[in-house]
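Enquirer: In full-length UniProt numbering, the protein residues as written are 1 to 249. The C-beta atom is built at its ideal place from N, Cα and C for all residues, glycine as well. Model, not experiment: these values are computed from the prediction.
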Amino acid sequence: MAEYRIDDLARVSGTTVRNIRVYQDRGLLPPPIRRGRTAIYTDAHLSRLRLVTNMLGRGYAFAQIAEMLAAWESGRSLADVLGLEEAMGAPWSSELPAPITVRELRRMFGNQLTPANTRKALELGLLRRQGVGFVAPSPQLLEAGHELVKLGVPLDEVIELAGVLQREVDHVAGLMVGLVRRYVLDPKGEDWLPSGDEVPYYADVLRRLPPVVISALTAAVARSTARVIPDMLGDRLEALIRSSRLSSD
């Protein structure tokens with residue numbers, strides 16, 4: 001189980017330290033574990049934080065969220081609640097958001113790092129503001145964009161592609177998760193909540209689901225790449241080969 005200090009929890013969850021403290025004061029977030037003077041948060045806190053921010057985004061008031069959380073916890077042991085929340089909040093990959101300065105971004109993208117491109121990257125969640133700098137939620141995605149720009153693709157096109165890519169992946173991942181919801185969760189009914197005896201089983205379902213989705217998407221992307229690159233570039237390579245042969249003759 002991962003552990004976070006409050007700054008790390010804010011960075012990973014995409015919220016602020018101030019919001020986390022407000023949610024704690026409102027009773028929406030369990031208190032951290034204390035180790036001396038250090039407050040430690042876990043994946044259970046991360047999951048609860050994501051749930052609270054999602055419900056706030058859907059228009060629920062603090063009091064309504066607190067009432068629903070109390071109803072969920074009623075009759076369940078702390079171990080049951082934490083077991084399910086830890087499974088929901090566990091990271092899907094080992095990649096963590098990374099801070100990045102404006103100077104580093106300029107070194108990567110040069111004069112293509114315009115205010116318009118920066119705004120678009122912020123709107124799509126490719127960057128988040130942090131003080132006078134930024135945080136890259138996915139350093140791997142940022143580096144992939146850097147490589148495309150180095151190859152000669154304009155940065156604005158790369159940013160647009162990242163937005164399309166995220167929407168398409170969300171759709172495909174949603175199809176897979178939707179099947180699990182339809183056949184594992186929904187048959188129980190919309191108002192159903194797992195009993196104490198059922199919580200470990202559904203926590204296990206949530207733990208097993210992420211690697212299945214990631215494995216399927218990775219395999220599909222690899223197969224698609226093996227088909228698409230030859231299809232799209234094969235004619236250009238053939239032309240280069242013919243040109244090379246004519247030159248040598």
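At a cut of 8 Å, does the stretch 175-186 reach the stretch 146-161 through at least three beta carbon pairs?
Expert: In short, these stretches do not touch, since the Cβ pair count stays below three.
Enquirer: Taking the straight line between their C-alpha atoms, what separation do you get for residue 130 and residue 16?
Expert: Cα to Cα, residue 130 sits roughly 10 Å from residue 16.
Enquirer: Okay, do the stretch 125-141 and the stretch 97-105 touch, 3+ Cβ pairs below 8 Å being the bar?
Expert: yes
Enquirer: I'd like the ranges of any alpha helix (DSSP H) spanning at least 4 consecutive residues and lying wholly in the stretch 1-57.
Expert: Here the runs fully enclosed are 6-13, 17-25 and 43-57.
Enquirer: Please name the residue or residues paired with residue 98 in a DSSP beta bridge.
Expert: The bridge partners DSSP lists for residue 98 are 136.
Enquirer: Using a Cβ-Cβ cutoff of less than 7 Å, which residues in the same chain neighbour residue 121 once the five nearest sequence positions on both sides are dropped?
Expert: So the list reads 127 and 159, once near-sequence residues are dropped.
Enquirer: So, are the CB atoms of residue 149 and residue 109 less than 8 Å apart?
Expert: The answer is yes: Cβ separation under 8 Å.
Enquirer: Measuring straight from C-alpha to C-alpha, what distance separates residue 50 and residue 13?
Expert: 7 Å
Enquirer: The alpha helix (DSSP H) with residue 166 in it runs from where to where?
Expert: 155-180
Enquirer: Look at the alpha carbon of residue 219 and the alpha carbon of residue 43, and state the distance between them as a whole number of angstroms.
Expert: 28 Å
Enquirer: Quick check: what's the CA-CA separation for residue 6 versus residue 235?
Expert: 54 Å
Enquirer: Could you tell me the alpha carbon to alpha carbon distance between residue 172 and residue 40, rounded to whole angstroms?
Expert: 35 Å
Enquirer: Rounded to whole angstroms, what is the Cα-Cα separation between residue 23 and residue 29?
Expert: 6 Å
Enquirer: Since residue 177 and residue 205 should fall inside the 8 Å C-beta cutoff, what is the C-beta to C-beta distance between them, to a whole number of angstroms?
Expert: Separation of the CB atoms of residue 177 and residue 205 is rounded to 11 Å, and the pair is thereby denied contact status at 8 Å.
Enquirer: Exposed or buried, which one is residue 116 when buried takes at least 16 other CB atoms within 10 Å?
Expert: Exposed, because fewer than 16 other Cβ atoms sit within 10 Å of the Cβ of residue 116.
Enquirer: Would you tell me roughly how many angstroms separate the C-alpha atoms of residue 78 and residue 216, rounded to the nearest one?
Expert: Residue placement at residue 78 cannot be trusted, given a pLDDT of 46 that sits under 50; what the coordinates show is reported in the next sentence. Going from the Cα of residue 78 to the Cα of residue 216 covers about 34 Å.
Enquirer: If you follow the beta strand (DSSP E) that residue 130 is part of, which residue opens it and which one closes it?
Expert: 128-130
Enquirer: When the Cα atoms are used, what is the spatial distance from residue 59 to residue 67?
Expert: 15 Å
Enquirer: By how many angstroms is the C-alpha of residue 4 removed from the C-alpha of residue 61?
Expert: 27 Å
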